[in-house]
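Quick note: the sequence shown uses our numbering, first residue 1441, plus one each step.
First up is the structure itself, then whatever we jot down about it.
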Amino acid sequence: MRIGILGLGRIGAFHAETLSGLDAVDSLVVADPFADAAKAAAERFGAEVADSPEALLAAGVDGIVVAAATDAHPALIRAGVAAGVPVFCEKPVARTMREGVEVLRAVRDADVPIQIGYNRRFDAGFVAARAAVRGGELGTLHTVRSTTLDPAPPPAAYVAASGGIFRDCSVHDFDIIRWVTGREVTEVYAVGGNRGADFIRQAGDADTTGAVLTLDDGTLAVVSNSRHNGRGYDVRMEIHGFRDSIAVGLEDKLPLRSVEPGVTFPAGTPHDFFMDRFTAAYRAELTAFTEVVAGTPSPCTIEDALEAGWIAEACTLSLHEHRPVTIAEVRGA
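What follows is the structure, encoded as C-alpha cells:
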C-alpha cells in the first residue's frame, strides 16, 4: 500500500514514522510547502517527495494523510475525494463549522471514504470503557467526567489561530464522550478563567475551563481542561453508573500525586506529552486507516467530527455569554 502524507510538521512527521512501521504500508510519498521538511522526512523514512499536493495525488497513492495546517484541510479533503483517493485528515475538518458543513455537503455523495483523526477512539482504555458501557456492565449512567490537562500552553501563534480551547483541546473530550456513551449532547454550560499566560487572555481565550454537558438521556458529563498542569499531560475519564464505576487513565504514569499516608500510587514517571500518552493509539488509528483504504467503513466520519464541533461551538458561546446553550441553538445560528 502506498500512502501520501501532506504536511510534515510535528504531527505529520510523527505519522510518517508510524506509517513507515506498518506492515500494510509499502511506500510513502510526502509533500510540504517547506521543502526542507519534506526532504528530511524523505531521508529519514525512505519516502518519495512530491512538490505539490497535486503531484502527490498523481503519484499513484492508495490513500492520503492530511496533516497540514487547519486552513488547508477543506481543500485537501476535497482534492483527495475528487481524485478518488481515501482520506485521513487530522481534526478539525475546517477552521469554522460553516466551512466544515460545506465540506460535508461537497463530499457526502462521493463514494470515497474519509476518516477524521480522533485518536482517543483507538486507545485501549477508551475502547474497553466503551465496551463496558455498551455491554451494560455499569447499568444506567448518571455521571461522566472527562479531563484533558496540558503540561504547558502551546505557542502564542497557535492559540491566536486555534479558535479557542474548546475547539482545539476540549473537542477531544466531546468526541470521546459521544463515542463511549453512544449519546448526544443537548445542552452545555461552560465557564473559564485565566491564571497563567497573558497571551491566552489577549487572544480572548481561557487557559482553564469547565463545562457541564447534558446528554440526551439525562446523563451529566463534566469536562475539565487546562493549559497549565505542571506535573504532566493528564487525560482521564470516569464513568459512573448505578451498578458500577470505571476509569480510563488510572495507571502508574498518571500525572497526579497522592498525599494519603502510605499510598505509593501512581509510582511511574508521569506522561509529559500527548505523543507519549497516545503512541499506541496513533498506531492503531493509522492501522485502521489502512483498513479503510482496503475497504472497511470509516471509524470516524466527517459527520462525527462535526458533532463534536457543534459542542465546542456551544461551549464557546456559553463561556462568552455566561449562560446555558443548546446544541440546537448553535446549529441554527
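Glycine included, each C-beta is placed from N, C-alpha and C at the ideal position.
Remember, predicted model here, so these are calculated numbers, not experimental data.
Where do the N-terminal and C-terminal ends of the alpha helix (DSSP H) with residue i fall, by residue?
{"i": "CYS1529", "result": "From DSSP, CYS1529 is part of no alpha helix (DSSP H) but of the beta strand (DSSP E) over 1527 to 1530."}
{"i": "TYR1629", "result": "Note, TYR1629: premise wrong, no alpha helix (DSSP H); beta strand (DSSP E) at 1625 to 1633."}
{"i": "VAL1465", "result": "Element bounds for VAL1465: n/a, residue is neither H nor E."}
{"i": "PHE1606", "result": "Per DSSP, PHE1606 belongs to no alpha helix (DSSP H) and is neither H nor E."}
{"i": "THR1704", "result": "Per DSSP, THR1704 belongs to no alpha helix (DSSP H) and is neither H nor E."}
{"i": "LEU1544", "result": "1537 to 1547"}
{"i": "PHE1682", "result": "Premise fails: PHE1682 is in no alpha helix (DSSP H) and is neither H nor E."}
{"i": "VAL1567", "result": "1564 to 1574"}
{"i": "GLU1577", "result": "Here GLU1577 belongs to no alpha helix (DSSP H), and DSSP marks it neither H nor E."}
{"i": "THR1458", "result": "1450 to 1460"}
{"i": "THR1497", "result": "First, the residue type needs correcting, since residue 1497 is Leu and not Thr in the sequence shown. Here the alpha helix (DSSP H) through LEU1497 covers 1493 to 1497."}
{"i": "GLY1636", "result": "From DSSP, GLY1636 is part of no alpha helix (DSSP H); its letter is neither H nor E."}
{"i": "ALA1522", "result": "1513 to 1522"}
On the DSSP bridge list, what partners appear for residue i?
{"i": "ILE1504", "result": "GLY1444, VAL1527"}
{"i": "MET1677", "result": "SER1586, VAL1688"}
{"i": "SER1666", "result": "LEU1589, THR1648"}
{"i": "GLY1557", "result": "GLU1530"}
{"i": "GLU1776", "result": "Past the edges of the chain, shown from 1441 to 1773, lies residue 1776, and the structure says nothing about it."}
{"i": "VAL1469", "result": "GLY1444, GLU1488"}
{"i": "VAL1765", "result": "VAL1628"}
{"i": "ALA1661", "result": "VAL1584, LEU1653"}
Within 10 angstroms of its Cβ, does residue i collect 16 or more other Cβ (buried), or is it exposed?
{"i": "THR1621", "result": "buried"}
{"i": "THR1580", "result": "exposed"}
{"i": "PHE1705", "result": "exposed"}
{"i": "PRO1695", "result": "buried"}
{"i": "ALA1509", "result": "exposed"}
{"i": "PRO1701", "result": "exposed"}
{"i": "GLY1749", "result": "buried"}
{"i": "ALA1495", "result": "exposed"}
{"i": "SER1698", "result": "exposed"}
{"i": "GLY1670", "result": "exposed"}
{"i": "SER1586", "result": "buried"}
{"i": "ARG1588", "result": "Just to set this straight, residue 1588 is Thr in the shown sequence, not Arg. It is buried - the Cβ of THR1588 has at least 16 other Cβ atoms within 10 Å."}
{"i": "HIS1455", "result": "buried"}
{"i": "SER1492", "result": "exposed"}
{"i": "ALA1471", "result": "buried"}
{"i": "HIS1762", "result": "exposed"}
{"i": "ARG1574", "result": "exposed"}
{"i": "GLY1735", "result": "exposed"}
{"i": "PRO1737", "result": "exposed"}
{"i": "THR1437", "result": "Here the chain has residues from 1441 to 1773 only, and residue 1437 is not among them."}
{"i": "SER1666", "result": "buried"}
{"i": "ARG1450", "result": "exposed"}
{"i": "ASP1615", "result": "buried"}
{"i": "ASP1463", "result": "exposed"}
{"i": "VAL1703", "result": "exposed"}
task: Could you say if the segment 1721 to 1732 and the segment 1568 to 1578 meet the contact criterion of at least three C-beta pairs nearer than 8 Å?
output: Short answer: they don't touch.
query: Using 8 Å as the threshold, is the segment 1586 to 1598 in touch with the segment 1538 to 1548, meaning 3 or more CB pairs across them?
result: Cβ pair count under 8 Å is below three, so no.
- prompt: Does the count of Cβ pairs from the segment 1659 to 1678 and the segment 1713 to 1724 closer than 8 Å reach three?
  reply: A contact exists between the segment 1659 to 1678 and the segment 1713 to 1724.
message: With three or more C-beta pairs closer than 8 Å as the rule, is the segment 1484 to 1491 touching the segment 1543 to 1555?
response: Result no; under three Cβ-Cβ pairs closer than 8 Å.
message: If contact is defined by three or more beta carbon pairs under 8 Å, each pair taking one atom from either stretch, is the segment 1522 to 1535 in contact with the segment 1488 to 1507?
response: Counting C-beta pairs closer than 8 Å gives three or more between the segment 1488 to 1507 and the segment 1522 to 1535, which meets the contact rule.
- prompt: How about the segment 1754 to 1766 and the segment 1548 to 1564: do they share at least three Cβ pairs that are nearer than 8 Å?
  reply: Note that the segment 1754 to 1766 does not touch the segment 1548 to 1564; fewer than 3 beta-carbon pairs, one per stretch, sit closer than 8 Å.
- request: Note down, one range per segment and in chain order, each beta strand (DSSP E) of at least 3 residues found wholly within the segment 1709 to 1758.
  value: Correct list: empty.
query: Does the segment 1764 to 1772 come within contact of the segment 1638 to 1646, defined as at least 3 CB pairs closer than 8 Å?
result: The segment 1764 to 1772 and the segment 1638 to 1646 do not touch, with fewer than 3 CB-CB distances between them shorter than 8 Å.
- request: State whether the segment 1628 to 1635 contacts the segment 1679 to 1691, with contact taken as three or more CB pairs (one from each stretch) at a distance under 8 Å.
  value: No contact exists between the segment 1628 to 1635 and the segment 1679 to 1691.
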